[in-house]
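Only one structure is covered here, and it is reproduced in the block below.
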Amino acid sequence: MLSRIDFCQVCSSHAFTSVSSYCDSVSVSAYFSKRKENVMETVRPCGCKGIRSCLICEAEYEISKPNLKNELQLDFLKEDEAEELMKALDDLPWQPSQSGRRKQNFGPKCNFKKRKLQLGSFNGFPKTTQFVQKKFEEISLLHGFKTVEQCTLEYNSERGASIDPHVDDCWIWGERIITVNVLGDSVLTMTPYRGPITRYNLDYVSNYDFILKKGICDDTHSLGIDDNIVVRLPMPARSLMVLYGPARYKWEHAVLRQDVTSRRVCLAYRELTPPYLKNGQHQKETSEILRQASLFW
0 MLSRIDFCQV CSSHAFTSVS SYCDSVSVSA YFSKRKENVM ETVRPCGCKG IRSCLICEAE
60 YEISKPNLKN ELQLDFLKED EAEELMKALD DLPWQPSQSG RRKQNFGPKC NFKKRKLQLG
120 SFNGFPKTTQ FVQKKFEEIS LLHGFKTVEQ CTLEYNSERG ASIDPHVDDC WIWGERIITV
180 NVLGDSVLTM TPYRGPITRY NLDYVSNYDF ILKKGICDDT HSLGIDDNIV VRLPMPARSL
240 MVLYGPARYK WEHAVLRQDV TSRRVCLAYR ELTPPYLKNG QHQKETSEIL RQASLFW
């Protein structure tokens with residue numbers, strides 16, 4: 000079952016079954032501040048006080064938790080599927096990447112600074128990975144998702160692999176960022192982005208309508224979230240994670256070196272922004288790319 004996970008603050012260990020929600024704290028604090036009642040340090044009937052809350056006082060005081068738009072499906076891949084997929088991926092050539100990673104990239108060539116897109120040598124995706132994209136059809140959030148880039152990333156603790164905080168480019172990559180965690184447990188570390196709108200081509204987002212209409216433009220500032228907050232999202236092996244909405248545009252995500260304790264392999268999937276899809280103003284530039292993206296070899 001696909002479950003929505005509100006952003007939460009997790010201890011640095013990989014405790015995938017025990018998390019405490021920072022979002023609860025934000026909501027409770029904001030709620031009582033708005034009421035201007037001196038109850039922040041008062042014990043409520045349920046026993047909670049200050050920014051702490053439980054289901055009882057959340058219902059009584061109508062405390063709602065902000066949802067920053069992250070979805071996680073555990074056991075997206077069956078054990079045998081993950082095992083066979085790893086064998087198939089290791090049969091393909093690996094290329095060195097930055098920060099100790101290795102990669103296998105299937106997609107068009109992109110120049111993010113000049114906003115130039117080329118087909119390059121892209122001719123589709125490995126047949127052995129087709130079933131993964133097919134499984135996306137079972138996820139309602141991914142309705143209409145058309146993969147144009149599939150990137151395999153390997154993180155190895157022996158090389159100190161990591162990835163720095165970043166927002167995926169917003170000129171060409173669409174609003175849903177998919178990660179299929181094939182091998183190894185890890186954690187995605189999220190921090191609010193407070194940089195210029197020109198970075199990551201975030202200024203381009205205003206040029207098009209969203210596919211997901213609801214809640215996309217929620218502002219992290221309006222949620223009362225401190226600039227210094229760090230959010231830790233568990234990424235168990237065989238799970239699927241989707242970043243969208245504020246998680247996509249308002250937060251940077253990273254994989255820290257200390258969170259790579261063994262070999263980790265994931266598949267990252269990206270779609271095009273609406274102007275480059277069918278009926279978009281730049282559809283002619285991507286017609287051949289989209290055709291190749293429907294092929295598996």
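If you're matching positions, the sequence shown starts at 0 in numbering that gives the first Met the number 0 and goes up one per residue.
Beta carbons: idealized from backbone N, C-alpha and C, even for Gly.
Model, not experiment: these values are computed from the prediction.
Simplified DSSP state of residue i, which is helix, strand or coil
{"i": "S205", "result": "helix"}
{"i": "D79", "result": "helix"}
{"i": "L255", "result": "coil"}
{"i": "D90", "result": "coil"}
{"i": "T190", "result": "strand"}
{"i": "R310", "result": "There is no way to answer for residue 310, as the model of the chain reaches only from 0 to 296."}
{"i": "R231", "result": "strand"}
{"i": "F144", "result": "coil"}
{"i": "I196", "result": "coil"}
{"i": "K133", "result": "helix"}
{"i": "Q117", "result": "strand"}
{"i": "E298", "result": "Residue 298 lies beyond the range of the chain shown here (0 to 296); nothing can be said about it."}
{"i": "R237", "result": "coil"}
{"i": "S28", "result": "Note on S28: pLDDT 39, under 50, position unreliable in the model; the coordinate value appears next. In this structure, S28 counts as helix in the three-state DSSP scheme."}
{"i": "R269", "result": "strand"}
{"i": "P274", "result": "helix"}
{"i": "P44", "result": "coil"}
C-alpha gap between residue i and residue j, whole angstroms
{"i": "G123", "j": "S293", "result": "7 Å"}
{"i": "K134", "j": "S261", "result": "27 Å"}
{"i": "Y207", "j": "P274", "result": "7 Å"}
{"i": "N69", "j": "L242", "result": "5 Å"}
{"i": "G159", "j": "V264", "result": "14 Å"}
{"i": "P92", "j": "L84", "result": "14 Å"}
{"i": "T285", "j": "Q132", "result": "20 Å"}
{"i": "A58", "j": "P235", "result": "31 Å"}
{"i": "P245", "j": "T146", "result": "21 Å"}
{"i": "N374", "j": "L116", "result": "No answer is possible for residue 374: the residues shown for the chain start at 0 and end at 296."}
{"i": "Q129", "j": "E80", "result": "12 Å"}
{"i": "G143", "j": "R43", "result": "47 Å"}
{"i": "G106", "j": "C150", "result": "8 Å"}
Residue closest to residue i, alpha-carbon to alpha-carbon, out of the options
{"i": "E148", "options": "I176, K283, V230 and E136", "result": "I176"}
{"i": "W170", "options": "M240, E83, T190 and Y248", "result": "Y248"}
{"i": "W172", "options": "N200, N180 and Y192", "result": "N200"}
{"i": "P164", "options": "L182, S139, R43 and P191", "result": "P191"}
{"i": "T188", "options": "K126, K48 and V254", "result": "V254"}
{"i": "Q297", "options": "R101, S139, P195 and K277", "result": "Summary: the structure shown does not reach residue 297, with the chain confined to residues 0 through 296, and so no result is reported for it."}
{"i": "W250", "options": "P195, R269, R290 and N278", "result": "P195"}
{"i": "P233", "options": "E287, S205 and S185", "result": "S185"}
{"i": "V166", "options": "R51, L54 and T197", "result": "T197"}
{"i": "L152", "options": "K126, Q257, D89 and F144", "result": "D89"}
{"i": "L76", "options": "Y154, R51 and L266", "result": "L266"}
Rounded distance between the beta-carbons of residue j and residue i, thought under 8 Å
{"i": "S96", "j": "N180", "result": "Not confirmed; about 17 Å, so no contact."}
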